[in-house]
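First up is the structure itself, then whatever we jot down about it.
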Amino acid sequence: MTQPRLYRLVAADGSTVSSTTPGTLGGHRKNRIYGRLDCKAARRALGTGRSYEQQRVFFADEATAIAAGYRPCATCLPDAYEQWKAKGGK
């Protein structure tokens, strides 16, 4: 019997938790940005070297990313980013 694959996700309190379900959103720990897994900006950054990859995090959902203090990506989530910006970036 094989063990289920475990994924490392960021929880609402910012801690890292293990989950058998992969994250639905990716993010950058240092910049505190979250976005879609197919984001062009993130893919471009991942291609530039290991430093972005070392800061890569994953979230179960958008509510968790927001609770952990991350903001939406302006590239792949422009509507959510504009709403965040209209609220004063909070």
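The sequence shown begins at 7 in the numbering used here and counts up by one. Backbone N, C-alpha and C define an ideal beta-carbon position, used for all residues, glycine too.
Does the region 60-74 come within contact of the region 8-18, defined as at least 3 CB pairs closer than 8 Å? yes
How long is the line joining the alpha carbons of Cys45 and Thr26, rounded to whole angstroms? 23 Å
Alpha-carbon spacing of Gln9 relative to Lys91, whole angstroms: 43 Å
Specify the secondary structure class of Tyr58 as computed by DSSP and reduced to three states. helix
Tyr87 to Glu68 span [Cα, whole Å]: 12 Å
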